[in-house]
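Just add 12 to wherever you are in the sequence shown, counting from 1, and you've got this note's numbering. Glycine included, C-beta positions come from ideal geometry on N, C-alpha and C. Working notes for the structure below.
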Amino acid sequence: MELKCARCGRTTSDLAQGRTTCSFCGGYWELSYPSKVVFRPWSRGEGLQTFAEALPPIPVTSPSLGEGNTPLIDLSSDGLDLHRDIHIMIKNETMNPTGSFKDRFSAVNSAVARNLGAHGIVCASTGNAAMAAVAYAHANALESAVMLPYSTPQTLVDILKVMGAEVDFCSWEDSSEAIRPYVDKGWFPATGMTAFPVATQFGAEGYKTIAYEIIRDLQEGIPDVIAIPVGGGDLLYGVIKGLCELRDQGLIPRIPHILACQADLAAPLVQAYAQGLKEVRPIDTAGSMATSINETSTGQHALDALRKVDGWSISVSEEEIMSAATFLTHRGILAELASSASLAGVIKAVRDTVIVDQTRIVCIITGSLLKWNDALMSLAERAEKS
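Below, the structure is given as structure tokens:
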């Protein structure tokens, strides 16, 4: 494995350099290693080791909690008033062990941490990443610590304590600095690709497996559109990287259209993409109820990846997100509000004729509604009024 600067192309085998920007140009680092996608019979208990040849070199004996290999299910669009012949499928990441796509990140990140001799795993999170980081730290016999925003629901705080994590609180703006002392003493960050000065390039590689599974599990070709909710941008980056590998290895003929979905009240990527900016500019405040994507900034790697595949971006209102979440719950899919942004984005794109007839769409549903008391209460109040 080595790191390669996305801006100037410099490489280094010193993996610890990835925690900060490139010292020559200030760019972000990408992980480079031999990656070969092999589709073979699988079982749920294998976890991401189903695609071991395509992931960072980690021991085959790396522990799994059964992450990945989540279902791809048809979603009837009856009741959405789309007036188009659209086939929507749901990639249901709520079926992961801790209820979110973050388990894929932590399965890879924690195994690498153990391999590199880390003492523990530390992260700052609104909830999903923290639960995954703690679960996979302990699976790899590592200690765990999490820094939470003061607004974190008490249910999540209690779960993390029960799981055995060291729990503390900080303002979200100070989260990177709050975990830095742990990293300085030999702990491994479970943050993101551009969470400088405590970044990690490893976890996003786990998201490639979502792309692999979508292609593997579709019986008739590839989807026309994949809709992805976007906060910091690691998921978007990872799925696109996985699709590019599939194309480059001749396993698919083209890249599906990628629809990056954000909330109107937290849309730094959408704004940068629409304006043709070279860099993502942070917004002053983020005010969406969709907590997991309520970010003031999206990483540069997400913008670069979306441009690389000539993707689309869209932002949706709070009402559109709530409506999509309600629709999903009525069909037995308990998607958190951030997850529901993918379906909301598809609905808006269809109504705006960005997406046309005879289109097959996969919406990635990233996490479970059951963790978020405020969102549940808001949806319940909405149901009572309807």
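Minimum Cα-Cα distance from GLU330 among the listed residues ALA350, THR110, GLY323, LYS320 corresponds to ALA350.
The three-state secondary structure of GLN261, taken from DSSP, is coil. Exposure of THR73 is indicated by the presence of fewer than 16 other C-beta atoms within 10 angstroms of its C-beta.
THR32 and SER183 have their C-alpha atoms some 21 Å from each other.
Under the three-state reduction of DSSP output, CYS37 falls in the coil class, being neither helix nor strand. It is roughly 45 Å from the alpha-carbon of LEU340 to the alpha-carbon of ASP26. Exposure of HIS95 is indicated by the presence of fewer than 16 other C-beta atoms within 10 angstroms of its C-beta.
Cβ-Cβ separation between MET107 and THR82: approximately 5 Å, consistent with a contact (criterion under 8 Å). Between GLU14 and SER44, the gap from beta carbon to beta carbon is short of 7 Å.
Under the criterion of beta carbons closer than 8 Å, ALA353 and ALA302 qualify as touching, at roughly 6 Å. Using a Cβ-Cβ distance cut-off of 8 Å, the region 282–300 and the region 252–264 are not in contact, since fewer than three pairs of beta carbons, one from each stretch, lie closer than that value. Distance from SER122 to ASN152 at the Cβ level is roughly 5 Å; contact confirmed, criterion being Cβ atoms closer than 8 Å. ALA392 sits exposed, since fewer than 16 C-beta atoms from the chains shown fall within 10 Å of its C-beta. Contact between THR203 and ALA211 is confirmed by a C-beta separation of about 6 Å, below the 8 Å threshold. Boundaries of the beta strand (DSSP E) harbouring PRO241: 237–241, taken from the DSSP string. By the Cβ-count criterion, PHE200 is buried, with 16 or more other Cβ atoms from all chains shown falling within 10 Å of its own Cβ. Look at the beta carbons and you see the region 234–248 touching the region 368–377: at least three pairs across the two are nearer than 8 Å.
In the three-state reduction of the DSSP assignment, PRO201 falls in the strand class. The three-state reading of DSSP puts GLY250 in helix, counting H, G and I together. About 7 Å separates the beta carbons of SER380 and SER112, which is inside the 8 Å limit, making them a contact pair. Rounded to whole angstroms, the separation of the alpha carbons of VAL120 and GLY39 is 23 Å.
If you ignore the 5 residues before and after ASP316, its C-beta comes within less than 7 Å of the C-beta of ALA18, all in its own chain and listed in chain order.
Rounded to the nearest whole angstrom, the C-alpha separation of PRO280 and SER309 is 6 Å. Non-local beta-carbon contacts of ASP115 in its own chain, meaning distances under 6 Å to residues more than five positions away in sequence, involve GLU79, ASN108, PRO109, ALA144 in chain order. Straight through space, the alpha carbons of ASP296 and VAL134 are spaced by roughly 27 Å.
ARG52 counts as exposed, since fewer than 16 other beta carbons sit within 10 angstroms of its beta carbon. Note on the region 267–326: whole alpha helix (DSSP H) runs with a minimum of 4 residues are 280–286, 312–320, in chain order. Nearest C-alpha to PHE214 among ILE70, ASP386, THR365, THR23: ILE70. By the neighbour-count criterion, in which 16 or more other beta carbons inside 10 Å mark a residue as buried, VAL368 falls on the exposed side.
Annotation: PHE181 to LYS173 spans about 13 Å, alpha carbon to alpha carbon. The straight-line gap separating the alpha-carbon atoms of GLU217 and ALA125 is approximately 14 Å.
Contact between VAL179 and VAL169 holds, since their C-beta atoms are separated by about 6 Å, short of 8 Å. Annotation for GLY111: no alpha helix (DSSP H) segment contains it, and DSSP assigns it neither H nor E. Distance from ALA347 to ALA356 at the Cβ level is roughly 10 Å; contact not present, criterion being Cβ atoms closer than 8 Å. For VAL158, the uninterrupted beta strand (DSSP E) run begins and ends at 155–160, by DSSP.
Here DSSP, grouped into helix, strand and coil, assigns ALA387 to helix.
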